[in-house]
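Asker: Shown below is the structure under consideration.
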C-alpha cells in the first residue's frame, strides 16, 4: 500500500508539472505568464530578484558562446572591465550595472544607456565676470572667471592664466562660444575664433573650427546679429589647452567684449559638451 500511495503521489506531481510546464510561479500558485513572481508576504525575507552576478573578466571569457539564440539575456556586472581590456562584445562593459546582450550587434549594452544619456557626459558653461574686457586690433585672449555644469572636473581654467581652458585627456568635445559686445563700445564689431594655446601633441586633434563675427550699431544695443565660433576637438593622451581669441576693427575703435550674462545683457560665455 505504501508503494502504491507513493506512486500515485509522484504521478500527480508529474501531471501537475506537465500542465504548468510553460508557466512558472514564485509566491503564486497561478502564474499568468512564463515566469511570475508574486508578492512576498514574509517580512523576514527581502523582496526582489537577483540575476547572475558576474565580473567583466568572466563575461569576456565567455565571448564565443554568446550567439544569436542568446539575444536579450541579462547579467549584472559587479566588477567591470578597464577600457583597454574590453573586446568587441564587451566594449561597453566598463561600469558596474545591468547589461543585456544584443545579438544583432553582438554586443553587451548597459540597460540604462537610453534612460540617462547625459549623466556621464560633461556639459559645462564657462562664464566671465561682469567686467567688460577691452579688445585690441590683434588677437586678444578672452579672460574667464568660473565654470559650472555637469561633470565639470574634466574642464578647468588654468591656475595662472584665466584665458586658457584646460580639457582632460581622452575626451571629445563640441565647444561653442557665445560672444556679446559690451555696452562701453562704440558702434563696432568683433571677430572671434577658438584656438589651441599650445601645440597639439599625443593625438590631440581639432576637427573643425569656425570663425565667429558679431557687430553692434549703437551704444544701446549690446550685441548685434552674428555667428558664433564652434570647435570640435579630441584631447588626445595628454589633454588640450584652448583659448577664445577676439579682435576689434583695424581702425582701433573702442571695442569691449561683454561680461557675464545678466537679466539685461546676453553677455559672453562658452558651452562645452562632451560628444
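Residue numbers (the UniProt record's numbering): 1 to 275.
C-beta: ideal position from N, C-alpha, C; glycine also.
Once DSSP output is grouped into helix, strand and coil, what is the label at residue 91?
Answerer: Coil.
Asker: Between the alpha carbons of residue 94 and residue 249, how many angstroms are there, rounded?
Answerer: About 51 Å.
Asker: Within 10 angstroms of the Cβ of residue 45, are there 16 or more other Cβ atoms? Answer buried if so, exposed if not.
Answerer: It counts as exposed.
Asker: Buried or exposed, going by whether 16 or more other CB atoms sit within 10 Å of the CB of residue 98?
Answerer: By the neighbour-count rule (16 or more Cβ atoms within 10 Å), residue 98 is not buried but exposed.
Asker: Give me the Cβ distance between residue 260 and residue 267, rounded to the nearest whole Å; I'm assuming they're in contact under 8 Å.
Answerer: Right, the Cβ-Cβ distance comes to about 5 Å (below 8 Å), so this counts as a contact.
Asker: Residues in its own chain within less than 7 Å of residue 65 by CB, not counting five upstream and five downstream?
Answerer: Within the same chain, residue 65 has no close Cβ partners at all.
Asker: Alpha carbon to alpha carbon, what distance is there between residue 187 and residue 270?
Answerer: Computed Cα separation, rounded: 24 Å.
Asker: So, are the CB atoms of residue 68 and residue 103 less than 8 Å apart?
Answerer: Taking 8 Å as the Cβ cut-off, residue 68 and residue 103 qualify as a contacting pair.
Asker: Does DSSP classify residue 85 as helix, strand or coil?
Answerer: Three-state DSSP puts residue 85 in a helix.
Asker: Could you please give me the residues that DSSP links to residue 197 through a beta bridge?
Answerer: DSSP lists no partner for residue 197.
Asker: Please list, in chain order, all residues of the same chain as residue 234 whose beta carbon is under 6 Å from its beta carbon, the five residues on each side excluded.
Answerer: If we look at residue 234 and ignore the five residues flanking it on each side, its Cβ neighbours are 172 and 205.
Asker: Compute the beta-carbon to beta-carbon distance between residue 230 and residue 179, rounded to the nearest angstrom, for a pair I have assumed lies under 8 Å.
Answerer: Incorrect: roughly 12 Å between the Cβ atoms, too far for contact.
Asker: Roughly how many angstroms lie between the CA atoms of residue 107 and residue 89, to the nearest whole one?
Answerer: The straight-line gap from Cα to Cα measures roughly 4 Å.
Asker: How many whole angstroms separate the CB atoms of residue 246 and residue 142, which I take to be in contact at a CB cut-off of 8 Å?
Answerer: That belief holds up - the Cβ atoms of residue 246 and residue 142 are roughly 6 Å apart, short of 8 Å.
Asker: Would you mind giving the Cβ-Cβ distance between residue 242 and residue 157, rounded to the nearest angstrom? I have them listed as a contact below 8 Å.
Answerer: Not quite, the Cβ-Cβ distance comes to about 11 Å (not below 8 Å), so this is no contact.
Asker: If we ignore side chains and look at the alpha-carbon of each, how far apart do residue 227 and residue 153 end up?
Answerer: Computed Cα separation, rounded: 29 Å.
Asker: Give the secondary structure of residue 64 by DSSP, where H, G and I count as helix, E and B as strand, and everything else as coil.
Answerer: Three-state DSSP puts residue 64 in a helix.
Asker: Please classify residue 96 as buried or exposed, where buried requires at least 16 other C-beta atoms within 10 Å of its C-beta.
Answerer: With fewer than 16 Cβ atoms within 10 Å of its Cβ, residue 96 is classed as exposed.
Asker: Measure the CB-CB distance between residue 181 and residue 147 and report whether it falls below 8 Å.
Answerer: It is not a contact, given that the beta carbons lie outside the stated cut-off.
Asker: Do residue 101 and residue 174 count as a contact pair if the criterion is CB distance below 8 Å?
Answerer: Cβ distance not < 8 Å, so residue 174 and residue 101 don't count as in contact.
Asker: Have a look at residue 184 and residue 209 and give me their C-alpha separation to the nearest angstrom.
Answerer: Approximately 29 Å between the Cα atoms of the pair.
Asker: Just grab the DSSP bridge partners of residue 233 for me.
Answerer: Paired residues: 173 and 206.
Asker: Please classify residue 277: is it buried, with 16 or more other beta-carbons within 10 angstroms of its beta-carbon, or exposed?
Answerer: This structure gives no information on residue 277, because the portion of the chain shown stretches from 1 to 275.
Asker: Going by the C-beta, is residue 42 closer than 7 Å to any heavy atom of the ligand SAH?
Answerer: No copy of the ligand SAH occurs in the structure displayed, which carries no ligand at all.
Asker: Classify residue 36 as helix, strand or coil using the three-state DSSP reduction.
Answerer: In this structure, residue 36 counts as strand in the three-state DSSP scheme.
Asker: Please report the distance separating the alpha-carbon of residue 121 from that of residue 31.
Answerer: Straight-line Cα distance between these residues: approximately 42 Å.
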